[in-house]
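Engineer: Following this message is one structure expressed as structure tokens.
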Amino acid sequence: MEEKDWVILQTVFEEKNITKAAHRLFMAQTTLTYRLQQIEKEFDTLLFYRGRRGVEFTAQGELLAKYAQEMLVKLRETKDTLLNLEGKVSGTLKLAVTKSFAFYRLPALLRAFRNQYPNVDFTVTTGSNLDLTHSLHRNEAHVAIVRGIQHWPDEKEVIAEETICVIAKEKMNLQDLPSLPRIDYEPKPSLNIVIDNWWRENFSEPPFISMTVDNVEVAKRMVMNDLGYTIAPSSVFDENDGLYKWNITTPDMEPILWKTWILYRRELMKLPAVRGFVTFMQENPCRISLE
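Written as structure tokens, this is what we have:
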């Protein structure tokens, strides 16, 4: 098998559908089918069974798909290592990032990084903290950027701290919150715990949740239309939105902080793109206002 065959096998295994795999590979379906038949002929085995809903890989097919994935990873690492021997900061950087950080912070961060290291390419995936750490474990990502409380056994560093705040359209007294409509969203479990703990420390009655939406940006749009208040990390807040914010605090009146972390494996620091990005983040931490 050649490199293009590894890519074909990995893609079909991920999609479990010939039509979708062909579309993703920018190949004609007949061409893709022919290449798969050639692989089967080379190894004298059946890769998968076709069904109405897609394909189901045989044990032999799964073994070859796993081999293809491992070879692609090794090929990429070998290319990066060769570039490292030449002293160049280049290669492909695979990032796994939380959706909120990708929305509010990542574009400007990558632009600044690319200005400094123009020969580095990116692949970016987004997801939950759990999905992102799994990507690191499976070697599907070099670096993860996650938020909240982290339990990661290898290298991790805080790259930003921000307050958590109540955001509303009009000025109000925080003591009135239990009687005011709150717009909830689906935050990370760890953020939910922080907000719930703060609420229990300050109020004896539950919040009046008037609606629940699927993400914090939608919640903010609802707030902008004066449909209620929300509680979110301060990176959501923009002075140009015409909103007010109040930081939530501990009983000692210290602001409650929400941390953003960079996670990576020490062994990957040998790759120039990874080393360059980690160093860049250490020298240029995200500047999120704590006011």
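Just so you know, the sequence shown maps onto residues 1 to 291 in the UniProt record's numbering.
All C-beta atoms in this analysis are idealised placements derived from N, C-alpha and C, irrespective of residue type, glycine included.
(1) Rounded to whole angstroms, what's the CA-CA distance from residue 204 to residue 195? Just pull it up for me.
(2) Could you tell me if residue 144 is buried or exposed, where buried requires 16 or more neighbouring beta carbons within 10 angstroms of its beta carbon?
(3) Grab the span of the beta strand (DSSP E) containing residue 161 for me, first residue to last.
(4) Tell me, to the nearest whole angstrom, how far the beta carbon of residue 147 is from that of residue 100; I am working on the premise that it is less than 8 Å.
(5) Taking residue 56 as part of the beta strand (DSSP E), name the residues at either end of that continuous run.
(6) Taking residue 179 as the reference, give the member of 247, 133, 208, 228 with the closest Cα.
(7) So what does residue 262 bridge to, in DSSP terms?
(8) Can residue 56 and residue 48 be called in contact, C-beta distance under 7 Å?
(9) Determine the direct distance from the alpha carbon of residue 227 to that of residue 284, and round the result to whole angstroms.
(10) Hey, does residue 16 have any beta-carbon neighbour from chain D nearer than 7 Å?
(11) So, with DSSP's three-state summary, where would you put residue 21?
(12) Should residue 133 be listed as close to the ligand FAD, given that the test is whether its C-beta is under 6 Å from any heavy atom?
(13) Whole-angstrom Cβ separation of residue 258 and residue 191, contact assumed at under 8 Å?
(14) For the region 218–268, list the beta strand (DSSP E) runs that are entirely contained and at least 3 residues long, ordered along the chain.
(15) Which same chain residues, not among the five before or five after residue 256, have their C-beta less than 8 Å away from its C-beta?
(16) Leaving out five residues before and five after residue 60 in sequence, what residues of the same chain have Cβ atoms less than 8 Å from its Cβ?
Structural biologist: Let me spell this out:
(1) The residue labelled residue 204 in the question sits at position 204 within the sequence shown. The residue labelled residue 195 in the question sits at position 195 within the sequence shown. Cα-Cα distance, rounded: 14 Å.
(2) For the purposes of this step, residue 144 is identified with residue 144 of the sequence shown, where counting begins at 1. Residue 144 should be labelled buried.
(3) In the sequence shown, residue 161 corresponds to position 161, counting from 1. DSSP places residue 161 in the uninterrupted beta strand (DSSP E) bounded by 155–168.
(4) Within the sequence shown, the letter at position 147 stands for residue 147. Within the sequence shown, the letter at position 100 stands for residue 100. Right, the Cβ-Cβ distance comes to about 7 Å (below 8 Å), so this counts as a contact.
(5) Locating residue 56 in the sequence shown gives position 56, where the first residue counts as 1. Here the beta strand (DSSP E) through residue 56 covers 54–57.
(6) On the sequence shown, residue 179 is found 179 positions in, with the first residue counted as 1. With distances taken between Cα atoms, residue 179 lies closest to 208.
(7) Your numbering for residue 262 matches position 262 in the sequence shown. Partner(s): 145, 157.
(8) The residue given as residue 56 occupies position 56 in the sequence shown. The residue given as residue 48 occupies position 48 in the sequence shown. Annotated as proximal: residue 56 and residue 48, with beta-carbon spacing under 7 Å.
(9) For this step, residue 284 is matched to residue 284 along the sequence shown. For this step, residue 227 is matched to residue 227 along the sequence shown. Distance between the alpha carbons of residue 284 and residue 227: 38 Å.
(10) Here chain D cannot be found, since the structure has a single protein chain.
(11) Taking the sequence shown and counting its residues from 1, the one referred to as residue 21 is at position 21. Judged by DSSP in its simplified three-state form, residue 21 adopts helix.
(12) Ligands are entirely absent from the displayed structure, and the ligand FAD is therefore not among its contents.
(13) By 1-based counting over the sequence shown, the position of residue 258 is 258. By 1-based counting over the sequence shown, the position of residue 191 is 191. That pair is a contact at about 7 Å.
(14) 230–233, 244–247, 257–264
(15) For the purposes of this step, residue 256 is taken as the residue at position 256 of the sequence shown. Once the five neighbours on either side are set aside, the close Cβ partners of residue 256 are 163, 164, 194, 198, 247, 248, 249, 250.
(16) Taking the sequence shown and counting its residues from 1, the one referred to as residue 60 is at position 60. 43, 45, 46, 47.
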